[in-house]
Structures are given as structure tokens and as C-alpha cells.
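Asker: I have a structure I would like to understand better, so I am pasting it below and will then ask my questions one at a time.
In the numbering used here, the protein residues as written are 176 to 446.
Take a look at the structure:
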């Protein structure tokens, strides 16, 4: 008997890719849920910002991959609360009430966006440092996931998904925003699909937060926990193509962000 896997956001960029991959390449049965209609089979309209009839599609389901969200880094607080926070809380509630075994939650590197101009290794255990409403909403999803894992026995894997583009054939380069930071979080299509399938299929994982990007040389994101816990083995990786001007700008911004706090402390002590 095939396993039923619900994919929220099935009409979107990442959800559509995962739905098509699961339908074509596995013996799992994908069910799509999205606020927009799609012509993919067994896909249904659902507004996760409020509880509703969509919860019935979670019955007899093994895993829910929750990709539905306002994915814009500039999302307003109103949209982030409704479409990311409220929607994710409702999804966790419905999953626990209908007997779903696992939720794979699509988190984001924006949870640690404040480390862009520092030098720390970006492990999942590093303190969060979101810099926008979108990042805060994804941090909320991680924290609520831990609650449902500890209090309701729901297996939750939160993947801080790298940059999978819907343009340029998803190849990295100088066209990507945020310079080195943007390019080094690049995630190829096949690594994305492999990582998601590893998370769906992993055994004995009560709760985890894991990075998911390709094996890009020089990047600061730590993939060892992802490899060890769910068996992820990235096949792709690309060094950042950064211009001299971009390197200089990054160096200046890093210096500024590292020195301004100390200078402010010094000024405060003089007062």
C-alpha cells in the first residue's frame, strides 16, 4: 500500500516540483493543497490561515510537507501572521488531530539572516537572528513544531531551505541578490528533491532543525547534521562568483557591523 504524502503549496515553485517528483519517481501517493487551483490530479484548494474543510485531506496521511506560505522576504507583518504563523499553527493542529506521523516544515535561512556579515559557522543550534517579519514567522514555525513534537508526539523536521531559483534554470551566479551570501546558499533542483525525500523517509526523528543547500565550496552553512540525521548527500555545489566590487562592499559592511556595537558601548559608558 502506498504512503499518502500531503504537499501544501502544491501549485507553487517548490511545491510543484516536489509533487511532480513524488508522483513520477516514488511509490508514495501525493495529495496537493494550495490556496490557488492547480490542474495536478488530487490537488485541492485550501486556506490554511483558518481551520476548515481542508483538514479532511490529512486523514490517513503519513507525512505532510508544509511549503505553503507568503515566501516574500519583504512580506508585511499582516501577511506573515496570517499566511505563515496562523497557517502553520493550524496545520500543526490539524496534523496532530488526524494522526499524521510527520510534518516536514519549510523553514528559511532568513531565521539567521542577521549573521550575513559575520563569520560564525551557521549550525542549526546557533541562536536565531531574523531580520524581517518573514524570518520571524519561520522561527515561529520551528518553535511551534518543537511544541507539537514534545507535547503531542508529532515527528517534525524543519528544513532551512536554501535558494532554489525559478529563473536562470536555477543556476547560481552574479545575477543572484545578496552577493556571496546569496550564491553560497544555492540549492540545486536535484539536491532539493533529494533532501525533501530524505526528510519524508527518515526514521526515528522526533524533532530536528536542519540546513538544506547544495555543497557549495566556502559556504558557512553546516550540512553535517543533515547528512547524519536524514542521510542527505548533496550531489551539486558551486563556488560563488563574486566581483571585486562585491567583495569590497561585503568587507566594508562586515567591518561596520562588527565595530559599531562596540563603539556604541564605548559612547554609552562615557555618558
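Beta carbons are placed, not taken as given, at the ideal position from N, Cα and C, and that holds for glycine.
Can you find the residues in the same chain that come closer than 8 Å, C-beta to C-beta, to residue 127, ignoring five residues on each side of it along the sequence?
Answerer: Any answer about residue 127 is impossible in this case: the structure gives the chain only from 176 up to 446.
Asker: According to DSSP, simplified to helix, strand and coil, what is residue 183?
Answerer: strand
Asker: What are the partner residues of residue 338, as DSSP defines its beta bridges?
Answerer: 361
Asker: Hey, how far is the Cα of residue 352 from the Cα of residue 210?
Answerer: 28 Å
Asker: Let me know the secondary structure DSSP gives residue 277 once reduced to three states.
Answerer: strand
Asker: Are the segment 239-259 and the segment 271-282 touching by the rule of at least three beta carbon pairs closer than 8 Å?
Answerer: yes
Asker: What are the start and end residues of each continuous beta strand (DSSP E) run of 3 or more residues lying completely inside the segment 212-262, in chain order?
Answerer: 218-220 and 238-241
Asker: Is the segment 183-194 in contact with the segment 355-369, if contact means three or more CB pairs nearer than 8 Å?
Answerer: A contact exists between the segment 183-194 and the segment 355-369.
Asker: For a test of the three-state rule: what should DSSP assign to residue 352, helix, strand or coil?
Answerer: coil
Asker: Would you call residue 232 buried or exposed, if buried means 16 or more other Cβ atoms sit within 10 Å of its Cβ?
Answerer: buried
Asker: Name the residue from 273, 207 and 226 whose alpha carbon lies nearest to the alpha carbon of residue 187.
Answerer: For residue 187, the nearest C-alpha among the options comes from 207.
Asker: Should the segment 312-329 be called in touch with the segment 245-260, which here means at least 3 C-beta pairs below 8 Å?
Answerer: yes
Asker: Suppose you measure from the CA of residue 361 to the CA of residue 337; what does that come to, to the nearest Å?
Answerer: 6 Å
Asker: Please classify residue 267: does DSSP put it in a helix, a strand, or coil?
Answerer: DSSP, reduced to helix, strand and coil, places residue 267 within a helical segment of the structure shown.
Asker: Spatial neighbours of residue 217 within its chain, please: C-beta separation below 8 Å, excluding the five flanking residues on both sides.
Answerer: For residue 217, where only same-chain residues beyond five positions count, the Cβ hits under 8 Å are 204, 205, 206 and 207.
Asker: Can you name the start and end residues of the alpha helix (DSSP H) that residue 380 belongs to?
Answerer: It is not in any alpha helix (DSSP H) - residue 380 carries neither H nor E in the DSSP assignment.
Asker: Between which two residues does the beta strand (DSSP E) carrying residue 205 extend?
Answerer: Run containing residue 205: 204-209, per the beta strand (DSSP E) assignment.
Asker: Which residue from 347, 275, 397 and 341 puts its Cα closest to that of residue 417?
Answerer: 347
Asker: What are the boundary residues of the alpha helix (DSSP H) that residue 188 is part of?
Answerer: 188-200
Asker: Ends of the alpha helix (DSSP H) at residue 318?
Answerer: For residue 318, the enclosing alpha helix (DSSP H) covers residues 308-327.
Asker: Between the segment 261-275 and the segment 290-304, can you find at least three pairs of beta-carbon atoms closer than 8 Å?
Answerer: no
Asker: Nearest CA to the CA of residue 383: which residue from 317, 225 and 258?
Answerer: Answer by Cα proximity: 317.
Asker: Considering Cα atoms alone, identify which of 182, 401, 330 and 334 is closest to residue 284.
Answerer: Residue 334 is the option with its Cα nearest to residue 284.
Asker: Return the bridge partner residues of residue 333 from the DSSP annotation.
Answerer: Partner(s): 280 and 384.
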